[in-house]
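Chemist:
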Amino acid sequence: EPEVTQTPSHQVTQMGQEVILRCVPISNHLYFYWYRQILGQKVEFLVSFYNNEISEKSEIFDDQFSVERPDGSNFTLKIRSTKLEDSAMYFCGGARGRNEKLFFGSGTQLSVL
Amino acid sequence: AQSVTQLDSHVSVSEGTPVLLRCNYSSSYSPSLFWYVQHPNKGLQLLLKYTSAATLVKGINGFEAEFKKSETSFHLTKPSAHMSDAAEYFCVVSGRVGSSNTGKLIFGQGTTLQVKP
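Listed in order, the protein sequences are those of chains A and B. Counting in the working numbering, the first sequence runs from 1 upward without gaps. Counting in the working numbering, the second sequence runs from 1001 upward without gaps.
(1) Pull up the DSSP beta-bridge partners for residue 93 of chain A, would you.
(2) What first and last residue would you give for the beta strand (DSSP E) that runs through residue 22 of chain A?
(3) Could you spell out the range, first to last residue, of the beta strand (DSSP E) harbouring residue 1036 of chain B?
(4) On a Cα-Cα basis, can you pick out the residue from A:49, A:73 and A:89 that is closest to residue 41 of chain A?
(5) Could you work out which residue in B:1076, B:1001, B:1070 and B:1031 is closest to residue 1047 of chain B when comparing CA atoms only?
(6) Please work out which residues of its chain come closer than 6 Å, Cβ to Cβ, to residue 67 of chain A, disregarding the five sequence neighbours upstream and downstream, and give them in chain order.
(7) Can you pull the chain B residues whose beta carbon is under 9 Å from the beta carbon of residue 61 of chain A, in chain order?
(8) Buried or exposed: which applies to residue 38 of chain A, given that a residue is buried once 16 or more other Cβ atoms fall within 10 Å of its Cβ?
(9) Need the endpoints of the beta strand (DSSP E) that residue 79 of chain A sits in, please.
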C-alpha cells in the first residue's frame, strides 16, 4: 500500500527558531492535512489544504504557522518562531477526496527547548 | 458540533479473549465515524469506517464496530485479541458544516490496548 512519508521523524529546536516539517503525500491525493498531538492530549486538527490554498484551519493555526506545496509533491508545515507549547507529534495526512479514506504519515516528533 | 468520547483511557485483556473499546459520539447529523489505530513509531492507520450503510462495519485485522444510533455509540470489538493488537486506538468523527463533511477529523482521547500473554 502506498505511504505518506514524513521527515524528519524527530526534530529538536530552540525556542524562537523556525522549523519546517516535510511531508510527501501519496501521488494521487488532492486533499492534505496537518494534525498534531501534544503528549497526553487528543490528536488535533490544524489545517486542511486543497487546490493550493487553505480550505480550513483551526484556532491553533495562527500567524506563526504556514503551509505550502511548492513543487507539487512536498507538503510542508512551517512554524516561524517556535514556542515551548509547540512541542508535539505532527501528523501529515492526505486523501483523494474530501470524503475518501485519509492516509497518515508516521509523524514528526517536534521538541522545542 | 461533532465530538467523540472514548470511555476508557486504558484497556487490558489477555491474548485470545475478546476486545471491547468503547466510544460515544455527538453529532447533529448522521455522522461519519472511524476507528484509527496507532502502533508505536507508526502512523495512524484506518481500521474501519461507518458512513450510514450497514450498521455493523467490518474492518481490518478482525476488528468490527457497530453503529447504534439509539445509544450514540460506536464501540470497537474483536472476538480474540492478539499480541500484535497492542496499540493506541482512536475513535474519530468527521467534521461537518450543515449536512456536508468538511474532511476534517475530530479525534477522541484514545484508548491504549494492552494485550497480556
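Ideal Cβ positions, reconstructed from N, Cα and C, are used throughout, including at glycine. Keep in mind it's a predicted model, so treat the numbers as computed, not measured.
Modeler: In terms of the structure at hand:
(1) A:33 and A:104
(2) 19-24
(3) 1033-1038
(4) A:89
(5) B:1076
(6) 47, 49 and 77
(7) Going along chain B, no residue has its Cβ under 9 Å from residue 61 of chain A, so there is no contact; the nearest lies around 12 Å.
(8) exposed
(9) 75-79
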